[in-house]
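Asker:
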Amino acid sequence: MNIKRPTALKAVLFDMDGVLFNSMPYHSMAWHEAMEAHGLHLSREEAFLHEGRTGAATINIVHQRQYGTDATPELIQTIYEAKCQAFARFPEPDAMPGARQLIEQIKAEGLQTVLVTGSGQRTLLDRLAHHYPGAFDAQHMVTAFDVKYGKPHPEPYLMGLKKAGVEASEAIVVENAPIGVQAAKAAGIYTIAVNTGPLDAKVLLDAGADVLFPSMQALCEAWRGEIGD
Ligand code: MG
Numbered sequence: 171m172n173i174k175r176p177t178a179l180k181a182v183l184f185d186m187d188g189v190l191f192n193s194m195p196y197h198s199m200a201w202h203e204a205m206e207a208h209g210l211h212l213s214r215e216e217a218f219l220h221e222g223r224t225g226a227a228t229i230n231i232v233h234q235r236q237y238g239t240d241a242t243p244e245l246i247q248t249i250y251e252a253k254c255q256a257f258a259r260f261p262e263p264d265a266m267p268g269a270r271q272l273i274e275q276i277k278a279e280g281l282q283t284v285l286v287t288g289s290g291q292r293t294l295l296d297r298l299a300h301h302y303p304g305a306f307d308a309q310h311m312v313t314a315f316d317v318k319y320g321k322p323h324p325e326p327y328l329m330g331l332k333k334a335g336v337e338a339s340e341a342i343v344v345e346n347a348p349i350g351v352q353a354a355k356a357a358g359i360y361t362i363a364v365n366t367g368p369l370d371a372k373v374l375l376d377a378g379a380d381v382l383f384p385s386m387q388a389l390c391e392a393w394r395g396e397i398g399d
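In our numbering, the protein residues as written are 171 to 399.
Pasting the structure below:
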């Protein structure tokens, strides 16, 4: 797999869950548990397909499928709180293997690194500085607190470009979720997918990924190969 780096590359925009942290197994289990507790059926694997959506959107998709109606705001709030409580019971997720080396490489090339996540999970956002020192300061971060529309809308990635002060043609996105890939492509950015979960690789390519790697380690090795290290 060859990465076609933009010639004027200035910034690399990173998703968080499933890219920087190996947190998706816990998120998917928490979703499954919270939905089942309220009579809604969402398998752990399907939870990976919805990664990146807002909580309300995920709950409504399942509610529509089962009952043909949107969930009430009260039910959405109840289930989403249950999901967050379930997630908090799991151990703190580890940094994704290979991610730190990749980010150090990118920083060493003088490129900006930017976080673009739909997450509002304070614990993980706070741990970024510990695992990825110097990579994501507040000026280089787009989170659930910043955006009106979530992925697959391009807004989060467009905001990431703006924070970095670069054009879409001067950036690369690293994403693991189909909906995240759609958001990045809708923003006009070259998108690398890393398949760090259980999804069929085809799902990420169908979402529009320009190139696909099976892990962050594989991406890190390919990135080093690109610049002849
Ligand atoms: Mg992700």
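Cβ coordinates follow ideal geometry from the N, Cα and C atoms, glycine included. Because the structure is a prediction, the values reported are computed rather than measured.
Indicate the three-state DSSP secondary structure (helix, strand or coil) for Phe260 in the structure shown.
Answerer: Locating residue 260 in the sequence shown gives position 90, where the first residue counts as 1. Here Phe260 sits in coil by DSSP.
Asker: In terms of residues, what are the limits of the alpha helix (DSSP H) holding Glu340?
Answerer: As a position in the sequence shown, residue 340 is number 170, starting the count at 1. Note, Glu340: premise wrong, no alpha helix (DSSP H); not H, not E.
Asker: Quick check: what's the CA-CA separation for Asp399 versus Val232?
Answerer: Locating residue 399 in the sequence shown gives position 229, counting from the first residue. Locating residue 232 in the sequence shown gives position 62, counting from the first residue. Confidence is the limiting factor: at Asp399 the pLDDT is only 48, short of 50, which leaves the residue's position unreliable, though a coordinate-based value still follows. Those two C-alpha atoms are separated by around 47 Å.
Asker: Is Thr283 closer than 7 Å to Val189 when the C-beta atoms are compared?
Answerer: The residue given as residue 189 occupies position 19 in the sequence shown. The residue given as residue 283 occupies position 113 in the sequence shown. Going by C-beta atoms, Val189 is not nearer than 7 Å to Thr283.
Asker: Does DSSP put Asp370 in a helix, a strand or coil?
Answerer: As a first step, residue 370 is located in the sequence shown; it is residue number 200 there, counting from the start. It is coil, neither helix nor strand.
Asker: What is the DSSP secondary structure of Ala265, counted as helix, strand or coil?
Answerer: Sequence index remark: in the sequence shown, residue 265 carries index 95 (1-based). Residue state, collapsed to three classes: strand.
Asker: So, does the segment 335 to 345 touch the segment 353 to 365, judging by three or more C-beta pairs under 8 Å?
Answerer: The segment 335 to 345, when compared against the segment 353 to 365, does touch it at the 8 Å Cβ threshold.
Asker: Assess contact between the segment 187 to 202 and the segment 249 to 267, defined as three or more Cβ pairs (one per stretch) separated by less than 8 Å. Is contact present?
Answerer: They touch, by the three-pair rule.
Asker: So Phe383 is in the alpha helix (DSSP H); what residue range does that whole segment cover?
Answerer: As a first step, residue 383 is located in the sequence shown; it is residue number 213 there, counting from the start. No alpha helix (DSSP H) contains Phe383, which is instead part of the beta strand (DSSP E) from Val381 to Phe383.
Asker: What does the alpha-carbon distance come out to for the pair Ile229 and Glu244?
Answerer: The sequence position of residue 229 within the sequence shown is 59, counting from 1. The sequence position of residue 244 within the sequence shown is 74, counting from 1. Their Cα atoms are separated by approximately 12 Å.
Asker: Just tell me which of Pro384, Pro322 and Gln387 has its CA closest to the CA of Ala377.
Answerer: By 1-based counting over the sequence shown, the position of residue 377 is 207. Looking at the Cα atoms, Pro322 is the closest of the given residues.
Asker: How close, in whole Å, do the beta carbons of Gly358 and Ala338 come, if the pair is a contact with beta carbons under 8 Å?
Answerer: Along the sequence shown, one-based indexing puts residue 358 at 188. Along the sequence shown, one-based indexing puts residue 338 at 168. With a Cβ gap of about 4 Å, Gly358 and Ala338 count as contacting.
Asker: Gly290 to Phe315, Cα distance in whole Å?
Answerer: Numbered from 1 along the sequence shown, position 120 holds the residue referred to as residue 290. Numbered from 1 along the sequence shown, position 145 holds the residue referred to as residue 315. Cα to Cα, the separation comes out at about 7 Å.
Asker: Once the 5 residues before and after Leu281 are set aside, which same chain residues still bring their CB inside 7 Å of it?
Answerer: Walking along the sequence shown from the start, residue 281 turns up at place 111. Cβ neighbours of Leu281 beyond the five flanking positions: Leu179, Lys180, Ala181 and Val182.
Asker: Can you tell me which of Pro303, Gly367, Thr313 and Met311 puts its alpha carbon nearest to the alpha carbon of Pro384?
Answerer: Here residue 384 refers to the residue found at position 214 of the sequence shown. If we check each option's Cα against that of Pro384, Gly367 comes out closest.
Asker: Assuming Arg223 and Gly320 make a contact with CB atoms under 8 Å, what is their CB distance in whole Å?
Answerer: As a working mapping, residue 223 is identified with position 53 in the sequence shown. As a working mapping, residue 320 is identified with position 150 in the sequence shown. Indeed they touch by this definition, with Cβ atoms about 6 Å apart.
Asker: What did DSSP end up calling Val232 once you bin it into helix, strand or coil?
Answerer: Your numbering for residue 232 matches position 62 in the sequence shown. Helix, per DSSP.
Asker: Any heavy atom of the ligand MG closer than 6 Å to the CB of Asp185?
Answerer: Here the question's residue 185 lines up with position 15 in the sequence shown. Under cutoff, so the answer is yes.
Asker: Counting C-beta neighbours from all protein chains within 10 Å, is the total for Glu262 16 or more, i.e. buried, or is it exposed?
Answerer: For the purposes of this step, residue 262 is taken as the residue at position 92 of the sequence shown. Looking at its Cβ environment, which holds fewer than 16 other Cβ atoms inside 10 Å, Glu262 is exposed.
Asker: Along the chain, where does the beta strand (DSSP E) that runs through Phe218 open and close?
Answerer: Residue numbering aside, residue 218 sits at position 48 when the sequence shown is read from its first letter. First-last for Phe218: Arg214 to Leu219, but that is the alpha helix (DSSP H), not the beta strand (DSSP E).
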